[in-house]
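Protein chains in written order, with our numbering: chain G, 122 to 817; chain V, 16 to 537.
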């Protein structure tokens, strides 16, 4: 088998997947308002076709069993034709540094394509109901299509530069969609915050790319891996710059995937319409950081991986703690997303490669589901988001309730539900890392402990949400009169609930309840090295300790039990416990004051001190000198001063010059111009000659 | 037959394409001279034709241009027209283009063409205004095609005067201050250039080959025959020459601290003049460095490259910070120009091919995006009659098309990937990272990237987002077709060269490589 497994035609069809939503975007943004139904069906149908194509490629990729045939780039070997575009220089001499666009397809890409097109299609359908009657209804679909295009392009890029191009484009659409209701200042501000915060991470990523380009003269991912294999002696000895560049690239993931300390934008991003939160801020875009780490995995040295594991596990725990104290239903889910992204990052850092990416997939299904269900609740509640005003919705919104329960159980990691298999694998991986350690042995205990604790917190805050929303008595007028939502909204909920059940282990078909034979680790496996332009993967290792299994089930059930005791049975009073916790509760409630810290020590100095200082310097010092020189010139020309010779002459000459030139201009209109030029140039030459000899 | 005519006019010996592009506007000016003052529409139409023909010709020029021939040397120049002009002083009428000038000529013709519909609403002194505008175009184009230093200087001066009048007569309330300031600054630059010009001539005469021919002078400089053994006040002649010419061009770019004429000139200038000023006049500074300053003093350039890069770096970061503090919309855009043009110097200072490419690309990219930004400001100024950012807000809901077009311009300026500004920044940063002497600067320049994003998004937020601040703004009509037609081509170019940068870079690359050879960098 060589790289012809997928032919140029295949790659062209792959490009059709992002091209469909792009075309839909163009049609929708220019002509949407004149189409029937304001054109909502254009992007929706486009996504439907894209989904079909993506599933086709997924099945084709599943049909290839050669595990060494893991990564495929459309960038051809020298002397063969392939699908690529010399982007920076079309006719650069071969060997000169250049940026070449190519498609990169492997099993990870195949999975991502299905996830992105699947969630995107469902969100499109859901939005038909959710956004009904909005005054910018058509434009909403245009933005969704633009987002889908960018996200699919990101997934297919075989070159880091294009990955970054699409990476920024998803950031742009995220900005546009968070601020979709921009009349609300909070929404406008949230978009701003999201863009700037992620851009800080992106700047680190760009710096990492610059370092890589400096050393390898390319940003083509496969070529980088090849050269890296040579540089590191088959990934044995890691030069310092590789670690540094890897960590800088990881900065991009920290921003995009909302890892501590750049997580602050994601909760605010909930100002966007709820379908946006589901698609962009839960399932796909925020997972792009995880995808980047997975795609670029070979590049991360062991020390870089340790940092990645630390950041991820700390974020998982940190955000889970905050999630416990939130009252806004979408903010609970937002912190939950931050926490789950931490799980994925931590898994990759711990070496549990398949587990982390499997969690990306399962999380995409059930978290998109949870957001859409919360959106259904919000619509049913007439745009009320505070859980203190909900209650008793179980009977009034049965479909929403049952599907949300399924997705919640999946998120909590209860056996039989998809989230269980991925989360269990992550915890197993973290414990494996703790047991086998690395250079700094004791540090590796932290991820294992943090992830187990966070798992308990996760089920606590999720069931807190369930009990507050769906059980008890209605606590407001709106809750009394809540109603189920239309089918365009409930059908996507049911599909996502089904995926939250069966996407990891189809146990209903094969009875693999404990997930000993999951399909995912066989498909997306740990990359090991590069040989002849292909990535060699490790045979799927199946880590299945009994301890991690028992631990993860126990903490999940413990969390549910506590939530039941607090919010259903009310044996324990949440208010009283909050009082007992004192300052700690206050800190958690205020999200550990990270926003305040950033505001006070970064935003304020930059916005209110530095730039004002610079502007004042410009106005009073630089311009002050300029004006003083001008005034000095005028004064000196009235009297006579020591710099007569230096300045006055200049000014006098200038005036003379000016007068002459003005005259020249005036006469130009009458007498043609050559003579005037000659006179003018003669004067100029004389002046120049005088100055020159003066300097000599 | 058409091909034959084309060949006759453009290609081969005796073609006059460059002269046509340069002097058709002046012909238009002469025609307008004979039109009665009151016939505004006829005058405007003639101006449109007189700028449209050079635009068409400049597109033709780009198509006929063969990039593979290289550039920056006499042999590589294309469409050459060469005649003795003032033989006593060895002054020639010597025109020619390479891959550096062709895109900029196109940009110039495009912006001047756009300036005509953008000036449609000007009612004061229409005749004089359009005559000066056409004269301005000849001056700018002339600078891009002249290969004789003296001829260049003539065009350079020819361009400054219409600009002075256009700001001083058709400008805002403080127009006289701004015009004088503009004039004195550029005059200082001109004087420095003039000194350099005469000095170079005298030196070349001393070496036995008196000439103003830039290509020949560069050749002499390369082989060390241009004042190698001279020293003035303890400093080598070449160093003097380098700094004289550098300051002359740097004022135009402009660099910190010689930049304060720019915000004032922009704030007072009418919109189309701001467009030309930011879009193409500033580029003359960068172009002059590449064509004249560096080739005539290559050794000094290599030695002081790090200084240039630092100046560029300071301009990037300082300009961005100052821009952020502005409350006047137009001043903000003006300072963003200072910041963006810093990349040009940083790229040149890196001494790497990709850095040069980045700088040259940035000249074009900024030419389109800044021109678009000034048009955007003009639209809102025409309606609200003020530019105070804090008094706008919520316009996005009333003027959706305007907001959409404006977003394209703003994100192009922000350097969003897929827009041309990103390609320029990326190339510049890569170039800067390649150079050992500029590597650390990348760390600081990259801060500018974040600050730029911040002030641009903040501007969008203050103008378009949030609730409507003023009831009166609800009555504002959305962008008119005329205004949209002015902006759309610029937006398209921002996207086109961002998505397919090789369209531009392939034209420039061989010439840049030739330039690297001329500068002794290969």
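Just so you know, even glycine gets a beta-carbon here, dropped at the ideal spot from N, CA and C. All values reported here derive from a predicted model rather than from experimental measurement.
In the DSSP assignment, what residue or residues form a beta bridge with residue 306/V? In the DSSP output, where bridge partners are listed per residue, residue 306/V has none listed.
Selected residue, minimal CA-CA separation from residue 30/V, among 64/V, 40/V and 98/V: 98/V
Taking Cβ-Cβ distances shorter than 8 angstroms, what residues in chain G pair up with residue 433/V? 286, 289 and 290
Quick check on the DSSP output: the beta strand (DSSP E) that includes residue 110/V runs from which residue to which? 106 to 112
On the DSSP bridge list, what partners appear for residue 212/G? BP columns for residue 212/G are empty, so no partner.
For the stretch 314 to 402 of chain G, which segments carrying the alpha helix (DSSP H) assignment without a break, of at least 4 residues, lie completely within its bounds, in sequence order? 342 to 352, 361 to 377, 386 to 389 and 395 to 399
Taking the C-alpha atoms as reference points, what is the distance between residue 139/G and residue 469/V? 30 angstroms
What residues from chain G crowd round residue 521/V, counting only those whose CB sits closer than 7 angstroms? 210, 211 and 212
Taking the alpha helix (DSSP H) that residue 94/V falls in, what are its first and last residues? Residue 94/V -> not in any alpha helix (DSSP H); beta strand (DSSP E) instead, spanning 93 to 101.
Taking buried to mean at least 16 other C-beta atoms within 10 Å of its own C-beta, is residue 289/G buried or exposed? buried
Would you kindly check if the distance between the Cβ of residue 424/V and the Cβ of residue 418/V is under 8 angstroms? no
Contact criterion: CB-CB distance below 8 angstroms. Does residue 696/G meet it with respect to chain V? no
Meets three-Cβ-pair contact criterion under 8 angstroms: the stretch 143 to 160 of chain G and the stretch 264 to 273 of chain G: yes
By the 10 Å Cβ neighbour count, where 16 or more other Cβ atoms means buried, how is residue 279/V classified, buried or exposed? buried
State the DSSP-derived secondary structure class of residue 631/G, mapped to helix, strand or coil. helix
Mapping the DSSP letters down to three states, classify residue 90/V as helix, strand or coil. coil
Return the first residue and the last residue of the alpha helix (DSSP H) that residue 225/G is part of. Looking at the DSSP string, residue 225/G is not in any alpha helix (DSSP H); the run it does join, the beta strand (DSSP E), is 225 to 227.
Within the same chain, show all residues whose beta-carbon is closer than 6 angstroms to that of residue 404/V, passing over the 5 residues directly before and after it, in chain order. 342, 344 and 477
Out of 618/G, 598/G and 518/G, state which residue places its alpha-carbon closest to the alpha-carbon of residue 538/G. 618/G
Measuring straight from C-alpha to C-alpha, what distance separates residue 795/G and residue 337/G? Summary for residue 795/G: the model assigns pLDDT 41, below 50, so the residue's position carries little reliability; its value from the coordinates is reported in the next sentence. If you take the alpha carbons of residue 795/G and residue 337/G, they lie about 57 angstroms apart.
Going by beta-carbon coordinates alone, are residue 149/V and residue 239/V separated by less than 8 angstroms? no
Can residue 339/G and residue 386/G be called in contact, C-beta distance under 8 angstroms? no
So the beta strand (DSSP E) residue 205/G belongs to, where does it begin and stop? 205 to 207
Output needed in chain order: residues of the stretch 299 to 326 of chain G with a Cβ under 9 angstroms from some Cβ in chain V. 300, 303, 304, 305, 306, 308, 309, 310, 312, 313, 316, 317, 320, 321, 323, 324 and 325
Is there a Cβ from chain V that is less than 8 angstroms from the Cβ of residue 837/G? Examination of residue 837/G is not possible in this model, given that chain G is present from 122 through 817 alone.
Contact the stretch 51 to 60 of chain V vs the stretch 30 to 40 of chain V: 3+ CB pairs below 8 angstroms: no
Comparing alpha-carbon positions, which option in 186/V, 228/V, 422/V and 348/V lies nearest residue 110/V? 228/V
Pull up the distance between the alpha-carbon of residue 539/V and that of residue 357/V, whole angstroms please. Residue 539/V lies beyond the stretch modelled for chain V, which goes from 16 to 537, so this question has no answer here.
Taking only beta-carbon positions, decide if residue 411/V is within less than 8 angstroms of chain G. yes
For residue 129/V, I'd like the list of residues in its chain whose CB is within less than 6 angstroms of its CB, leaving aside the five on either flank, ordered along the chain. 501
Please list the partners that residue 841/G has in chain V, where partner means a Cβ-to-Cβ separation under 7 angstroms. With chain G covering only 122 through 817, there is no way to say anything about residue 841/G.
How would you list, in chain order, the residues of chain V whose beta-carbon sits under 7 angstroms from the beta-carbon of residue 743/G? 272 and 275
Is residue 222/V helix, strand or coil by DSSP? coil
By Cβ distance, which residues of its chain are closer than 7 angstroms to residue 401/G, with the 5 residues on each side in sequence left out? 268, 295 and 298
Less than 8 angstroms between the C-beta atoms of residue 414/V and residue 326/V, yes or no? no
Shortest alpha-carbon distance to residue 92/V belongs to which of 184/V, 47/V, 162/V and 121/V? 162/V
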